[in-house]
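Chemist: Sharing a structure with you now.
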Amino acid sequence: MSPPRGPADRLDADALDLLRAIARRGVIARRLEEGAERAVLRSIVEATVRLFDAEAASIALYDPALGQLVFEVAAGEQGQGVIGLAIAPDQGIAGYVFTTGQALALSEVESDARFGRGTAEATGYVPRSIVAVPLVDERGTIGILEVLDKRSSVAFSLRDIELAGVFAGQATVAIRASRVERDLASLLRAALTSLAEPADRPTIERIVGLAIADLDGDDEGRLWTIVDRVARLRQADPGELELLAEILEVVARRAEGRAEQRRRSGRARGPR
Amino acid sequence: MTEALLPAWSEPFVGERRAGLLRSRPLGELDRATIFEGADGTGVTVAIIDSGVERDHPDVGGCLVRSVVVDLDAEQDEPVVHEDPESLDVVGHGTACAGIIHALAPAAQLISVRVLGPDNRGKGAIFAAGLEWAIGEGATVVNLSLSSRSEAMFPVFHDLADRAYFANCLLVSAANNVQGASYPSLFAAVVSVAAHDVADPWTWFYNPAPPVEFGAYGVDVEVAWKGGGHVVATGNSFAAPHVAGLAALIRGRYPSASPFEVKTILAATANRPG
């Protein structure tokens, strides 16, 4: 790691190391939880499809980095095409519901050829009717849940909107529980801002940048493989977990020892 | 479905539950014909704070006299209001509201205030800036088929709702279908509206148990939409413009009527529940 440079950087290397350690823990926590969040969201859209007897249900979450609403999970025979689709946060019905926080149901949407057809066709399915509700936590709207085409009816009712709202509430709780550490940059920025003068914003941005730099870099790829495997160990019994902890302890101690040796011998990086 | 899953704010207005709205009217029942016969909203300006309004949509009837859009300034800090000569509706939702209002109050002038911009940041602030602009422009009635759930916006909208009230500008606000507080839709100074399922624009109910005071047609409503089209829509969003249209008729007939007087007339002319 290169130490901070320039007169604007008042943070010493130890403090930055500490911040980086916090950031690393945050990213690991996110990796560990991400699969769990997705699993819960998937179970929510699956339940939604069953309950409404709908062709599809999906959840899109706002990604602040992309500035887009991204469809994360979907269920139902016609739902799969939407996964991964990213749309502008004010585009179509999903965007309207996201931007205004106002739940809506529409039917006969195909009667207007211009209505979001491009987006719908990109998913391989153009619905007749749609209900969309916002996912709202205490800080605002974080995404939307939408249900397409009830098989038993040509339209959605007010009760359907409310029911979808209940499922959206479940999804929000699941996301909140696993997202505490998710937006690391915001978290660090908020913590530092509370300590600093407002005029120090550029410095804060620089510190946040340094602290989270390279966290997802390619050179960490093997480390993340290990983290992902650890995440799969949720089903392990206590004996297996004990064994793993011991193995990791031995490997970590060995790695630390080698790093110390390299430091003493003055080499920046040892041979692989 | 269990009762707990009924719509949060529309529940008193739907089906058999309407019987619960029955009360003795302190002012008796006003004759609707006296109030509404021949009324067409002349002299009234209704601002629609929404996704924009398509000026040329047949359902708008050429009554859109001005369109503005609110977005953030170059520093992305402060909301600014621009003219919108193209009068774009980015969704269709604002045009839907305009069509409903125009059908009830064909002589009312409409102003579109588009608060959905390409940048989602500061959306509460943009919405508030649009509302503030409409009040400042002297709108008689403002239709708000949207609301903010941000706690931070509570004092801002509370102040704006009071300001509108004292400026004789009536805010008609759709209650959010999803349970929980949203602003300014549940403030006492606004006319809050949820949906009922009677397919008639001329049926509305008064709810003596606030916060949501009125129920209007909002289930399976055929509404104008983007690109000159129509869709069938459900939501409190489509109930509010029905009440905004009625309020425009009342203000056209009684130009000096204050917000509380309009609300009183709406309550005294509401349908008998049941």
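Taken in sequence, the protein lines are chains Y and B. Numbering follows my numbering, with no gaps: position 235 of the first sequence is 235. Numbering follows my numbering, with no gaps: position 233 of the second sequence is 233. Here a beta-carbon is modelled for each residue, glycine too, at the ideal position from N, C-alpha and C.
#1: If you measure beta-carbon to beta-carbon, which residues of the region 140-152 of chain Y are closer than 8 Å to chain C?
#2: Would A57/Y pass as a contact of T48/Y if the rule is Cβ separation under 8 Å?
#3: What did DSSP end up calling A255/Y once you bin it into helix, strand or coil?
#4: Please list, in chain order, all residues of the same chain as E11/B whose beta carbon is under 7 Å from its beta carbon, the five residues on each side excluded.
#5: Should the region 160-174 of chain B be called in touch with the region 243-253 of chain B, which here means at least 3 C-beta pairs below 8 Å?
#6: Excluding the 5 residues preceding and the 5 following A94/Y in the sequence, name in chain order all residues of the same chain whose CB lies nearer than 7 Å to its CB.
#7: Contact between the region 18-32 of chain B and the region 49-64 of chain B: three or more CB pairs below 8 Å?
#8: Kindly indicate which residue of A164/B, A194/B and G43/B has the alpha-carbon position closest to the one of L110/B.
#9: May I ask you to list, following chain order, the residues of the region 224-237 of chain B that have a beta carbon less than 7 Å from some beta carbon of chain Y?
#10: In the region 57-135 of chain Y, which residue ranges form an unbroken alpha helix (DSSP H) of at least 4 residues, counting only runs that do not cross its ends?
#11: Between which residues of its own chain and L266/B is the CB-CB distance below 8 Å, once the five residues before and five after are set aside?
#12: Look up V221/B in the DSSP assignment and say whether it is helix, strand or coil.
#13: Cβ atoms of L192/Y and V173/Y: under 8 Å apart, would you say?
#14: Between which two residues does the beta strand (DSSP E) containing L249/B stretch?
#15: Is it true that the CB of Y96/Y sits closer than 8 Å to the CB of H57/B?
#16: Since Q78/Y and L16/Y should fall inside the 8 Å C-beta cutoff, what is the C-beta to C-beta distance between them, to a whole number of angstroms?
#17: Would you kindly work out how many angstroms separate the C-alpha atoms of A224/B and V73/Y, rounded to a whole number?
#18: Can you look up Q76/B in the DSSP assignment and give me helix, strand or coil?
#19: Is it buried or exposed, S298/B, if we count other Cβ atoms within 10 angstroms and call 16 or more buried?
#20: At 4 residues or longer, and completely inside the region 136-194 of chain B: list those alpha helix (DSSP H) runs for me, N to C.
#21: Can you confirm whether S182/B, when its beta carbon is compared against all beta carbons of chain Y, has any partner nearer than 8 Å?
#22: Can you check which of these residues, V65/B, E75/B, V69/B and E261/B, is closest to A189/B by C-alpha distance?
#23: How far does the beta strand (DSSP E) with K150/Y in it extend, from its first residue to its last?
#24: Determine the extent of the alpha helix (DSSP H) in which R206/Y is found, giving its start and end residues.
#25: Could you tell me the alpha carbon to alpha carbon distance between A54/Y and V154/Y, rounded to whole angstroms?
#26: Are the beta-carbon atoms of A167/B and I135/B separated by less than 8 Å?
#27: Taking the straight line between their C-alpha atoms, what separation do you get for D159/B and G235/B?
#28: Scan the region 50-67 of chain B for residues whose Cβ lies nearer than 7 Å to a Cβ of chain Y and list them as they occur along the chain.
#29: When you compare only the Cα positions, how much space is there between L72/B and E78/B?
#30: Which residues in chain Y have a C-beta closer than 8 Å to the C-beta of K263/B? List them in chain order.
#31: Assuming contact is defined by CB atoms lying nearer than 8 Å, are L104/Y and A233/B in contact in what I supplied?
#32: According to DSSP, which residues form a beta bridge with Q109/B?
#33: Can you tell me where the beta strand (DSSP E) holding F205/B begins and where it ends?
#34: Any idea what DSSP makes of D237/Y, helix, strand or coil?
#35: V126/Y versus chain B: which residues are under 9 Å apart at the beta carbon?
#36: Grouping DSSP H, G and I as helix and E and B as strand, with all else coil, what is R55/B?
Modeler: In short:
#1: Structure shown: chain C not included; protein chains present are Y and B.
#2: As a working note, residue 57/Y is residue 57 in the first sequence. As a working note, residue 48/Y is residue 48 in the first sequence. Cβ distance < 8 Å, so A57/Y and T48/Y count as in contact.
#3: Start at 1 with the first residue of the first sequence, and residue 255/Y comes out as number 255. Note: A255/Y maps to helix in three-state DSSP.
#4: Locating residue 11/B in the second sequence gives position 11, where the first residue counts as 1. R17.
#5: yes
#6: Here residue 94/Y is taken as the residue at index 94 of the first sequence, counted from 1. Only A60, L69, I87, A132, I144 and E146 meet the Cβ criterion.
#7: no
#8: For this step, residue 110/B is matched to residue 110 along the second sequence. Cα-wise, what sits closest to L110/B is G43/B.
#9: Cβ contacts with chain Y: W225, K226, G227, G229, H230, V231, V232, A233, T234, G235 and S237.
#10: The DSSP assignment places 92-100 and 117-122 as complete runs of the alpha helix (DSSP H) inside the region 57-135 of chain Y, in order along the chain (cut-off: 4 residues).
#11: Taking the second sequence and counting its residues from 1, one reaches residue 266/B at position 266. Excluding residues within five positions, the ones whose Cβ falls inside 8 Å are V191, W204, Y206, F214, V243, L246, A247 and I250.
#12: Indexing the second sequence from 1 puts residue 221/B at position 221. V221/B falls in the strand class under three-state DSSP.
#13: For this step, residue 173/Y is matched to residue 173 along the first sequence. For this step, residue 192/Y is matched to residue 192 along the first sequence. Contact: no.
#14: Indexing the second sequence from 1 puts residue 249/B at position 249. Where L249/B is concerned, there is no enclosing beta strand (DSSP E), although the alpha helix (DSSP H) it sits in stretches over N236 to R253.
#15: The residue you call residue 57/B lines up with position 57 of the second sequence. The residue you call residue 96/Y lines up with position 96 of the first sequence. No, they are not a contact pair.
#16: Position 78 of the first sequence, counted from the first residue, corresponds to residue 78/Y. Position 16 of the first sequence, counted from the first residue, corresponds to residue 16/Y. With 8 Å as the limit, Q78/Y and L16/Y do not qualify as a contact, their Cβ atoms being about 50 Å apart.
#17: By 1-based counting over the second sequence, the position of residue 224/B is 224. By 1-based counting over the first sequence, the position of residue 73/Y is 73. For A224/B and V73/Y, the distance between alpha carbons rounds to 31 Å.
#18: Counting from 1 along the second sequence, the entry for residue 76/B is found at position 76. Three-state result, Q76/B: coil.
#19: Because chain B in this structure spans residues 1 to 274, residue 298/B falls outside the shown range and cannot be described.
#20: 154-166
#21: Taking the second sequence and counting its residues from 1, the one referred to as residue 182/B is at position 182. Yes, S182/B lies at the interface with chain Y (some Cβ there is under 8 Å from its Cβ).
#22: Taking the first residue of the second sequence as 1, we reach residue 189/B at position 189. Of the candidates V65/B, E75/B, V69/B and E261/B, the one whose C-alpha sits nearest the C-alpha of A189/B is E261/B.
#23: As a position in the first sequence, residue 150/Y is number 150, starting the count at 1. Unbroken beta strand (DSSP E) run through K150/Y: G140 to K150.
#24: Here residue 206/Y corresponds to residue number 206 of the first sequence, with the count starting at 1. Note, R206/Y: alpha helix (DSSP H), R201 to I212.
#25: Here residue 54/Y refers to the residue found at position 54 of the first sequence. Here residue 154/Y refers to the residue found at position 154 of the first sequence. Rounded to the nearest angstrom, the two C-alpha atoms are 11 Å apart.
#26: Counting from 1 along the second sequence, the entry for residue 167/B is found at position 167. Counting from 1 along the second sequence, the entry for residue 135/B is found at position 135. Yes, these two residues count as a Cβ contact at 8 Å.
#27: Position 159 of the second sequence, counted from the first residue, corresponds to residue 159/B. Position 235 of the second sequence, counted from the first residue, corresponds to residue 235/B. Distance between the alpha carbons of D159/B and G235/B is about 27 Å.
#28: S51
#29: Taking the first residue of the second sequence as position 1, residue 72/B is located at position 72. Taking the first residue of the second sequence as position 1, residue 78/B is located at position 78. Roughly 5 Å between the two C-alpha positions.
#30: If you number the second sequence from 1, residue 263/B lands on position 263. Within 8 Å Cβ-Cβ: nothing; K263/B doesn't reach chain Y, min ~22 Å.
#31: Stepping through the first sequence from its first residue, residue 104/Y is reached at position 104. Stepping through the second sequence from its first residue, residue 233/B is reached at position 233. Result yes, Cβ atoms of L104/Y and A233/B sit closer than 8 Å.
#32: Walking along the second sequence from the start, residue 109/B turns up at place 109. Q109/B pairs with T45/B.
#33: Here residue 205/B is taken as the residue at index 205 of the second sequence, counted from 1. Residues W204 to Y206.
#34: In the first sequence, counting from the first residue as 1, residue 237/Y sits at position 237. Of the three classes helix, strand and coil, the one that applies to D237/Y here is coil, per DSSP.
#35: Taking the first residue of the first sequence as 1, we reach residue 126/Y at position 126. The contacting residues do not exist; V126/Y stays about 13 Å from chain B at best.
#36: Taking the second sequence and counting its residues from 1, the one referred to as residue 55/B is at position 55. R55/B: coil per DSSP, three-state reduction.
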